[in-house]
Amino acid sequence: MNTGAPAPTLPMVAIIGRANVGKSTLFNRLTQSTQALVGDQPGVTRDRHVGKVSYDGQSFLLVDTGGLTGAEDELGALIRRQAEAAVAEADLILLVMDGKTGPLPGDEEVVSFLRSTGKPVLLVINKMDHPGRDMVLPEFYRFGLEPMQAVSAEHRLGLGGLLKEIVQRLPPTAAAPEAEAAIRVAVVGRPNVGKSSLINRVLGEERFIVSDRPGTTRDAIDTPLHFQGRDYILIDTAGMRRPSFRQPGLERIMVLKAVRALERAQVAVLLLDASEGVTAQDLRIASLIEQEAKGCLVGLNKWDLVAREDREPRLAQVRRELGFLAFAPLVPLSARTGLNIGRLFNWLEVIHDQMGTRVGTGRLNQVLQEIIGRVKPPLFHFRPVKFYYLTQPETFPPTFVAFVNHPEGVPESYRRYLVKQLRDKLGLTHAPLRLFLKKRQRRGS
Ligand code: GDP
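Per the numbering used here: the sequence shown = residues 80 to 524.
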């Protein structure tokens, strides 16, 4: 159960290799087992190229770099660039080679490049499900990357052994600190929207009291802050203050950075450049926030650049384009002039408190009866759909489970009505909210 305690940074493992060695199959196999466990919990696991894997009590993020840059060409520049970017972020590299063809020209170069980075590399020989496999294997010893892992991603051979080797090589995950009252905030957004300007503004203002010893979680620097009676932690402030990644074709790395910061945050500030409006990259990050079910505030930065007469239409446009984040307040602000910076933090407090709201069973069921009394659920195969009761197993975000005789008979429109009503009646208008419908034959059974 999620108590709202901050999650430690997950180690990241990157899969590197040329086209057709089976990177995606391996990625899918390794992440699928976990997805079955997390079930209907949305998250990074939905992203095609980033997945969470848990094995033997340890979790890590697995990145399929094959998807990072789109089409791969024959080795050379593209693989190298893809590898460089992923390697910079990763804690461990899985270098995948083809056990059917044996080593190929150019493999040597990739190995020596990876070696020069100083990151740990695990050599995985895939497709080891053919008769000649024992003949091919020794050829890979030339790379001096032992122990190698022989697997067949397609036939699910050797994956347990591989996972064991992976988790052994991961840095120890910092134990989750004690549950704390501080509000954990990540500022996310595409390059140039003003993330570092905003953070520097906040850190530079006297009314925000910055504790002089920033908390460090492995490679991330978090900054504790005090403002108007509340404690905040700005996640990965160092990463945000460094100049952003501006190389073309590496947007995925930007997304990875956002994923990592979001993992540890309770509330995200999705920063937009208000003078430009909502771009495709903004939408991509917004949908991550939505998938991760984090609290969210949309900051429209550079408001000073938006002409007075354009302001109302711009707000309406952003609201429309980010319709799926309807619970996120929009705050026009300016890192340059300081406009609305205090207001932003007041909102963070509201959002955080709603995320942590726990509603008692008595009140929940009273509310449920009111809601279904007002608009009855539609019939399902000529039979009434019955809602028996409602529970709230989790906070961060508030998560509700309704027990129903025919969950499959509840149309999406009615589900939306339920969610909207729950928000209004429970005062959860600014938090993401999850509602699961579970089958139950009759009350109490
Ligand atoms: P980051 O990549 O998201 O960290 O963006 P930066 O903080 O580096 O800002 C990108 C550019 O936008 C810089 O030239 C900033 O000076 C400028 N900028 C940031 N905030 C504002 C603002 O509120 N108003 C205006 N006019 N410019 C801003």
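Note that beta-carbon positions come from the ideal geometry of N, C-alpha and C, so glycine has one too.
Locate the alpha helix (DSSP H) running through residue i, then write down its first and last residues.
{"i": "Q370", "result": "A359 to E371"}
{"i": "N205", "result": "Per DSSP, N205 belongs to no alpha helix (DSSP H); it is in the beta strand (DSSP E), V200 to N205."}
{"i": "M214", "result": "R212 to V215"}
{"i": "S276", "result": "K274 to G283"}
{"i": "A395", "result": "R387 to E400"}
Taking C-alpha atoms, which residue in the options lies nearest to residue i?
{"i": "K471", "options": "V483, Q370, V438 and P486", "result": "Before going on, a small fix: residue 471 reads as Gln here, not Lys. Comparing Cα-Cα distances from Q471 to each of V483, Q370, V438 and P486, the minimum goes to V438."}
{"i": "V483", "options": "A98, I314, K131 and L516", "result": "L516"}
{"i": "E225", "options": "E233, V203 and V215", "result": "V203"}
{"i": "L384", "options": "Y134, A169, P411 and D315", "result": "P411"}
{"i": "V186", "options": "G374, G378, M214 and F222", "result": "With the sequence shown as reference, residue 186 is identified as Asp, and Val is not the correct amino acid for it. For D186, the nearest C-alpha among the options comes from F222."}
{"i": "I312", "options": "R339, L443 and A261", "result": "A261"}
{"i": "D389", "options": "D213, P182, S354 and I368", "result": "S354"}
{"i": "V264", "options": "P210, N425 and E491", "result": "N425"}
{"i": "F466", "options": "R442, I451, S275 and R269", "result": "I451"}
{"i": "R194", "options": "S276, L236 and L173", "result": "L173"}
{"i": "N380", "options": "P270, G441 and L341", "result": "P270"}
{"i": "P210", "options": "L367, K179, L238 and G237", "result": "K179"}
{"i": "G23", "options": "K206, L376 and K455", "result": "Residue 23 falls outside the range modelled here, since the chain spans only 80 to 524, and no answer is possible."}
{"i": "K504", "options": "R343, L427, V446 and V190", "result": "V446"}
{"i": "I300", "options": "I94, R339 and P490", "result": "R339"}
{"i": "C375", "options": "V267, P457, L238 and E188", "result": "V267"}
Among residues of its own chain, excluding the 5 on either side of residue i, which ones have a beta-carbon nearer than 8 Å to its beta-carbon?
{"i": "E400", "result": "G356, V357 and L362"}
{"i": "L249", "result": "P90, V92, Q137, F139, D170 and L171"}
{"i": "L512", "result": "F406, P476, P477, T478, F479, V498, L501 and R502"}
{"i": "D208", "result": "S231, E233, H234 and L236"}
{"i": "R393", "result": "A353, G356, L379 and V385"}
Distance, Cα to Cα, residue i vs residue j?
{"i": "T478", "j": "R108", "result": "29 Å"}
{"i": "L154", "j": "E391", "result": "Residue placement at L154 is flagged as unreliable, the pLDDT there being 44, under the threshold of 50; the coordinate-derived value follows with that caveat. Each residue's alpha carbon lies about 50 Å from the other."}
{"i": "I364", "j": "L351", "result": "11 Å"}
{"i": "Q137", "j": "T110", "result": "13 Å"}
{"i": "A253", "j": "G421", "result": "Because the pLDDT of A253 is 49, which lies under 50, any placement of that residue in the model is unreliable, and the question is left without a value."}
{"i": "G149", "j": "R453", "result": "With a pLDDT of 36 at G149, under the threshold of 50, the predicted position of this residue should be treated as unreliable, though the coordinate-derived value follows. In a straight line, the C-alpha of G149 is about 50 Å away from that of R453."}
{"i": "A84", "j": "L282", "result": "For A84, the predicted model reports a pLDDT of 41, less than 50, meaning its position is unreliable and no value from the coordinates is stated."}
{"i": "E285", "j": "K243", "result": "50 Å"}
{"i": "E168", "j": "D315", "result": "14 Å"}
{"i": "G96", "j": "E233", "result": "16 Å"}
{"i": "D177", "j": "E369", "result": "37 Å"}
{"i": "A405", "j": "S103", "result": "34 Å"}
{"i": "D310", "j": "Q448", "result": "38 Å"}
{"i": "L241", "j": "G506", "result": "47 Å"}
{"i": "A255", "j": "H460", "result": "Confidence at A255 is low in this model, with a pLDDT of 44, below 50, so its placement is unreliable and the value that follows should be read with caution. Taking the straight line from one Cα to the other gives about 49 Å."}
{"i": "Q247", "j": "K198", "result": "14 Å"}
{"i": "V348", "j": "T474", "result": "19 Å"}
{"i": "M214", "j": "G181", "result": "10 Å"}
{"i": "R415", "j": "A372", "result": "30 Å"}
{"i": "R387", "j": "V346", "result": "29 Å"}
{"i": "Y220", "j": "V142", "result": "26 Å"}
Hey, could you find the ends of the beta strand (DSSP E) residue i is sitting in?
{"i": "T196", "result": "Looking at the DSSP string, T196 is not in any beta strand (DSSP E); the run it does join, the alpha helix (DSSP H), is D186 to T196."}
{"i": "G441", "result": "G441 -> not in any beta strand (DSSP E); alpha helix (DSSP H) instead, spanning T440 to R453."}
{"i": "V267", "result": "I262 to V267"}
{"i": "F479", "result": "T478 to V483"}
{"i": "S492", "result": "S492 -> not in any beta strand (DSSP E); alpha helix (DSSP H) instead, spanning E491 to L505."}
{"i": "R422", "result": "Where R422 is concerned, there is no enclosing beta strand (DSSP E), although the alpha helix (DSSP H) it sits in stretches over I420 to M434."}
{"i": "G374", "result": "G374 to N380"}
Looking only at its own chain, which residues have a Cβ that is under 7 Å from the Cβ of residue i, when we skip the five neighbours before and after it?
{"i": "R398", "result": "L409"}
{"i": "H509", "result": "F406, P408, V429, I430 and Q433"}
{"i": "V444", "result": "Correcting the residue type first, residue 444 is Asn in the shown sequence and not Val. So the qualifying residues of the chain are Y468 and L469."}
To which residues of the same chain is residue i closer than 6 Å at the C-beta, ignoring the five residues directly before and after it?
{"i": "F306", "result": "F287 and F424"}
{"i": "K518", "result": "P486"}
{"i": "Y134", "result": "L242 and V246"}
Handout entry: Environment of the ligand GDP in chain order, Cβ to heavy atom below 6 Å
Key = G268, P270, N271, V272, G273, K274, S275, S276, S323, N380, K381, D383, L384, S413, A414 and R415
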